[in-house]
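Asks: Taken in sequence, the protein lines are chains D and X. Using full-length UniProt numbering, the letters of the first sequence map in sequence onto residues 1 to 262. Using full-length UniProt numbering, the letters of the second sequence map in sequence onto residues 1 to 337. Can you read through this structure? Questions will come right after.
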Amino acid sequence: MTTLDEILQQHFLRPGQLSLVTSVLGACASWYEHALISKILSTGDVVIHISFMHQATFHNDCMRKLGIDLAQYSQKEKYFFVDGFTGLFFQPTGQRCSRGCPVVRPSLQGLSDDVNALIEEVLSALEEGSKAYLVIESPDLLLAAGGYSSLVLLNELLDWHDRVYSTTVMIHADSALVSQTRSRFETESASFATSLAHEASILTSLRMLDTGLARDISGVLRITKRPEISAVVSEHGWNDKEVLYFVNDGSVDVFSRGEMRA
Amino acid sequence: MPFPADHRRTHNLLLLSRLLSLRDNASPFTLLLDSLSQSAAPLVTEYISRAAAAKLTTLYVSFGTAPYMPSNNNMTIIGARGLGLQQLSQKISAALSSAGAGKKALIILSPLNPLCTTHPAEVPQFLSSLLSPTTSLLGVFHTDVPAAAAASEKAYPDTAPAPLTLLNYFATTVITLHSFAHVLQEKEARDRSAAPPAFGLDEGVDGVLVGLGANSPGGLVLELEYRRKSGRGVREWYFLGEAVMSKLPGGAEEKMVLLEEHPAWRVEEKVVDGAEEEKGPESTFELGLTERQKRAREEVVLPYFDAQRESGIGGGGMILFTPDREIDDFDDEEDEI
């Protein structure tokens, strides 16, 4: 039997770990993101949360259901939110983004400057023994909306990743986005997703139930590890897993196929 | 005299052992083709540890995330993300000369995809500029990352061959990696003349990037193509595991074995052999017949055998009808309604 806690534990295996979480239209990954953030915050570490899909209010509301007040953590300088979407197409105002405010520069360079400045600020204020985690939601939006090439965006993400303790990237992996290569955007998007999957050491894929919709199952979660170039022999005993999950209001059940549930 | 199969086995195992240990500069440029189903990481780790054992200088030119190697002092990691070719070759030659000129070195480029996207036309020249009698190149290429279009038509025309094609011509050894679990399942399907299953992105399931059984722990399958100087090629399939699996002449012990000699591969074959011997369905009942029952069964004359004889009861097509003795369900009033 696998619990959600065991699955989330796979994001904390080693320093410098890059994890990838993919979702599809019918199986949204927000719940996973919030469960992960609440787990990091519960250990006393710092989260830098960059979201290209949702605003701060959405995350605040969802986290409140889990019993976590993000505003408090933000005041304690444990949680930093970067709204990558709201100001994406605004005219540049010239002012730097300070902590928590939306990014207001429409170029990747501006965004990169802002994020790098924030990481710098967080790292310099970091207490002894605590770590900085980066959670990036839907950076693939920039491929579609910003017209950046997958390689440029990937290099940018990996540059950010190099500076923090561990990174989780969440992207969309609908088959229209990962297995079509007719148009330029399709190629870039597929190239971005597969390259990231090659770089990541843990890949968590959320998808809909293969057999259709069900009232008591939200979707399927598959978690696979990729072998790494490392001097340490990787421990055995972990097999790739596939479990079902059900998202209820404020709580998530994770269970195996055919398992009896209360 | 050894059997030809035995000779082939020894020869090919020695060949792979020589290639992995970079002995005699056997292959100046080795291309590893990996996919999401089987990563090249275990094989690259094998190369690195053998290079360390042979006291070679190892350069890891990383175009992605840097490898996690807290305790390897023999290896220099060069971060190559976003660097131009000029800067990159300067960095590499600086690292090589600081290790000692003329010393044997292994240069690992992983992955080559970004380079092929940014400098598609210059990649072969760049790679051959790194080659020298003392260096071996090891390039990793992800086959399932679609090549993004070049920045402009002028930089790399559409009609020019894909960078992977050029690399394929250029390489002296090409190793394609496969997941052992997937190879076994494909073989099983082939033996039943069924269509081989697809994995990962080919499955066509929305949201699946990596199939189950990918990167199976314990070992991986290598499809080797080695091009000799004479132009003749050697093709062989190997299994590279984690424990010692074969002994080579000269006393060397190796972790690899020809794929066809792997126990799991052979078990599969045995199962297929067994299937040919006709076996009835399994049940707790005795479904067979004893000799006596068989004889009794053969003696029974079925009623219609009589009818088929010409002079039998039927007498050539006559309809026999024996009315029931009593017909009592006639309803006289039926017609009156």
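Where is the CB? At the ideal position from N, CA and C, for every residue including glycine. All values derive from a computational prediction rather than experimental measurement.
#1: What does the Cβ neighbour count give for residue 263 of chain X, buried or exposed, with the cut at 16 atoms within 10 Å?
#2: For the beta strand (DSSP E) holding residue 17 of chain D, just list the boundary residues, first then last.
#3: For residue 78 of chain D, which residues in the same chain have their Cβ closer than 8 Å to its Cβ, ignoring the five residues on either side in sequence?
#4: Taking the alpha-carbon of residue 205 of chain X as reference, which of D:34, D:204, D:202 and D:209 has the nearest alpha-carbon?
#5: What's the C-alpha gap between residue 123 of chain X and residue 6 of chain D?
#6: Sort X:19, X:7, X:5 and X:4 by Cα distance to residue 254 of chain X and report the nearest one.
#7: Mind pulling the chain X residues with CB within less than 7 Å of residue 6 of chain D?
#8: Answer with yes or no whether the minimum CB distance from residue 246 of chain X to chain D is below 7 Å.
#9: With distances taken Cα to Cα, identify the nearest neighbour of residue 132 of chain D among D:200, D:65, D:222 and D:16.
#10: In terms of alpha-carbon separation, which member of D:128, D:149, D:64 and D:124 lies closest to residue 107 of chain D?
#11: May I have the straight-line CA-CA distance separating residue 184 of chain D from residue 148 of chain X, to the nearest angstrom?
#12: Sort D:216, D:159, D:33 and D:57 by Cα distance to residue 260 of chain D and report the nearest one.
#13: Using a Cβ-Cβ cut-off of less than 8 Å, list which residues of the segment 180-207 of chain D approach chain X; keep chain order.
#14: Helix or strand or just coil, what does DSSP make of residue 262 of chain X?
#15: Chain D partners of residue 82 of chain X, CB-CB under 7 Å?
#16: Residue 53 of chain X versus chain D: which residues are under 8 Å apart at the beta carbon?
#17: Decide if the segment 132-143 of chain X is in contact with the segment 180-191 of chain X; the criterion is three or more beta carbon pairs, one per stretch, under 8 Å apart.
#18: Assuming the contact rule is C-beta atoms closer than 8 Å, residue 27 of chain X and residue 118 of chain X should be a hit. Round their C-beta distance to whole Å, please.
#19: Quick check on the DSSP output: what are the complete beta strand (DSSP E) runs of length 3 or more inside the segment 44-117 of chain X, in order along the chain?
#20: Keeping to the same chain, check which residues put their C-beta closer than 7 Å to that of residue 122 of chain D; ignore five residues upstream and five downstream.
#21: Let's test the definition: count the other Cβ atoms within 10 Å of the Cβ of residue 294 of chain X and tell me whether it reaches 16, buried, or not, exposed.
#22: Whose CA, out of X:34, X:11 and X:114, lies closest to the CA of residue 84 of chain X?
#23: Under 7 Å, do residue 222 of chain D and residue 242 of chain D count as touching if we go by C-beta distance?
#24: Beta-carbon separation of residue 210 of chain X and residue 203 of chain D under 7 Å?
Replies: Looking at the atomic coordinates:
#1: exposed
#2: Segment 17-23, the beta strand (DSSP E) holding residue 17 of chain D.
#3: 41, 44, 45, 46 and 47
#4: D:209
#5: 44 Å
#6: Out of X:19, X:7, X:5 and X:4, X:19 has the C-alpha closest to the C-alpha of residue 254 of chain X.
#7: Within 7 Å Cβ-Cβ: nothing; residue 6 of chain D doesn't reach chain X, min ~18 Å.
#8: no
#9: D:16
#10: For the residues D:128, D:149, D:64 and D:124, the minimum Cα distance to residue 107 of chain D belongs to D:149.
#11: 8 Å
#12: D:216
#13: Of all residues in the segment 180-207 of chain D, 181, 184, 187, 188, 190, 191, 193, 194, 195, 197, 198, 199, 203, 205, 206 and 207 have a Cβ within less than 8 Å of some Cβ in chain X.
#14: coil
#15: 155
#16: In chain order: nothing, as chain D lies at least about 13 Å away.
#17: no
#18: Not really, about 26 Å apart at Cβ, beyond 8 Å.
#19: 57-62, 75-79 and 105-110
#20: 46, 48, 80 and 132.
#21: exposed
#22: X:114
#23: yes
#24: yes
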